[in-house]
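Participant:
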Amino acid sequence: MAARWVLHLDMDAFFASVEQLTRPTLRGRPVLVGGLGGRGVVAGASYESRVYGARSAMPMHQARRLVGATAVVLPPRGVVYGVASRRVLDTVRETVPVLEQLSYDEAFGEPAELAGAGERDVQAFCEALRAKIRDVTGLVASVGAGSGKQIAKIASGLAKPDGIRVVARDEETRLLAGLPVRRLWGIGPVAEEKLHRLGIETIGAFAALSDAEAANILGGTVGPALHRLARGIDDRPVAENGPAKQISAESTFPQDLTTLDQLREAVGPIGEHAHARLEKDGRGARTVTVKLRKADMSILTRSATLPYATTDAATLIAMARRLLLDPVEVGPIRLVGVGFSGLSEVRQESLFPDLELIAEDVPATGLPQTLTEATERASAWRIGDDVSHPDYGHGWIQGAGHGVMTVRFETRSTGPGPVRTFPDSTPEIERANPVDSLDWPEHVSELNRYQSSP
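Mapping the sequence shown onto full-length UniProt numbering, position 20 (from 1) lands on 20, and the numbers just tick up by one.
Structure, rendered in structure tokens:
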């Protein structure tokens, strides 16, 4: 362990940074990403908004009040963050092949070439890695390095924003000792309260306990494990994430599908492709989901669940076909996806081929919603929507209401773009794929995969 260096990569203000990357006018401005309704919550806050006290998980109305009139509030664009995340991590994997991804914007790595390296070499490695991420993606990462995951994660927090923190072996104990006990990985509100009641407020105070005392306070399993982390003992390996929770395949068509027969025919090979992945995975699936992306870029998904897990292709693909919606009723379809979830090692062949399957309409957010509500939502312009115009190109709506909309035409590569105002019924304005705002044409196949993932 003495020769080991673990890195924790954390993208700075990731959601807001991606918005500023793809919408250059927002660079340097206080951006809040999250729910726009009365109960909306901040999903991401730029550093320009954090100076006012805004932060993630804060009620949006509170964040807006703190930032004031200069706040730019935008709805999340998950598909864009997904594509940006994948490109960041693919870039990192060129240097650090094995990554343990924690979320869109953070991951652990343990570069083999740093084993036994000194702090200066680790610093240089992290600087080169950060520079590569910035050059390839335009996004900023902070990196922490230490003997294990615990120290590395704490170090990256200390490095923010836009920095590097390498924690030497002889300073680990001193660094941990002065931190609030809540900073210890695994200490939540309940454990924190228990420790505070006993006067234990720092990691150093917790580390000073015996294993028996830690076990008595926090339990026989959790207590000693956290006590080891508090003393800087962290030999947990860095490993790729566990098995996928869903296996899927999808395809975008050169021409929109306009009949149910066309959809049924298309689902066959897509379902077979997903089934081949399922067979390779070795587990059976209980739930089938069909995703339909309409010509206007809105998404409809439907799912149904069997009472058993199976790998039978005929059963799974037949279920997918039953979930399809008629394009005559919902509109032309440009993309079809088939996903299998509820994965289990326990598999059973189809015993009830004529089983009455109950399908439920579910939008891309996973929240119950009727088709009528989905259609109405798709037809209304809102701030943050991606649009396109035949003359001005890709843009986003900065303001909408009273029969007009204001559109800023720009992408990652254009720099701050011009703004134009149109009647909201202008036929030349069409909904656009949000991923196009990244303008990474050299990664078209990757973008297509992510813009269509469930």
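Every residue gets a Cβ at the ideal spot worked out from N, C-alpha and C, and that includes glycine.
1. If you draw a straight line from the C-alpha of Val404 to the C-alpha of Gly395, how long is it?
2. My assumption, with CB atoms under 8 Å, is that Val96 sits in contact with Pro111. Please give the rounded CB distance.
3. In whole angstroms, what separates the C-alpha of Leu218 from that of Trp5?
4. Using the Cβ count rule (16 or more neighbours within 10 Å means buried), how would you classify His196?
5. Please report how far the alpha carbon of Ala208 lies from the alpha carbon of Lys153, in whole angstroms.
6. Of the residues Arg334, Gly339 and Leu323, which one's Cα is nearest the Cα of Leu284?
7. Tell me which residue opens and which closes the beta strand (DSSP E) that Ala43 is part of.
8. Give the C-beta separation of Arg130 and Val143 to the nearest angstrom, bearing in mind that I take them to be a contact with Cβ-Cβ under 8 Å.
9. Give me the residue from Leu32, Gly232, Gly157 and Val72 with the minimum Cα distance to Met11.
10. Please report how far the alpha carbon of Pro353 lies from the alpha carbon of Lys291, in whole angstroms.
11. Where does Val229 fall in DSSP's three states?
12. Counting Cβ pairs closer than 8 Å, one from the segment 297-315 and one from the segment 241-260, do we hit at least three?
13. For Arg23 and Leu32, I'd like the C-alpha separation in whole angstroms.
14. Note down the Cα distance separating Gly34 from Arg55, rounded to an integer number of angstroms.
15. Where does Phe14 sit, in a helix, a strand or coil, going by DSSP?
16. Would Val336 pass as a contact of Ile270 if the rule is Cβ separation under 8 Å?
17. Who are the near neighbours of Ala84 in its chain, counting only those whose CB is closer than 6 Å to its CB and skipping five residues on each side?
18. Put Tyr52 into one of helix, strand or coil per three-state DSSP.
19. For Glu172, does the count of other Cβ atoms within 10 angstroms reach 16, so buried, or fall short, so exposed?
20. Three or more C-beta pairs closer than 8 Å, one from the segment 73-87 and one from the segment 426-444: is that the case here?
21. Determine, using beta-carbon pairs with one atom in the segment 40-51 and one in the segment 180-197, whether at least three such pairs fall under 8 Å.
22. To the nearest angstrom, how far is the alpha carbon of Phe125 from that of Ala159?
Facilitator: To lay it out plainly:
1. 15 Å
2. 5 Å
3. 29 Å
4. exposed
5. 22 Å
6. With the sequence shown as reference, residue 284 is identified as Gly, and Leu is not the correct amino acid for it. Measuring from the Cα of Gly284, the nearest candidate turns out to be Gly339.
7. Val42 to Ala45
8. 6 Å
9. Gly157
10. With a pLDDT of only 34 at Pro353, under the threshold of 50, the placement of this residue in the model should not be trusted, and no figure is reported.
11. For clarity, residue 229 is Leu in the given sequence; the question names Val instead. Helix.
12. no
13. 13 Å
14. 11 Å
15. helix
16. yes
17. Val18
18. coil
19. buried
20. yes
21. no
22. 15 Å
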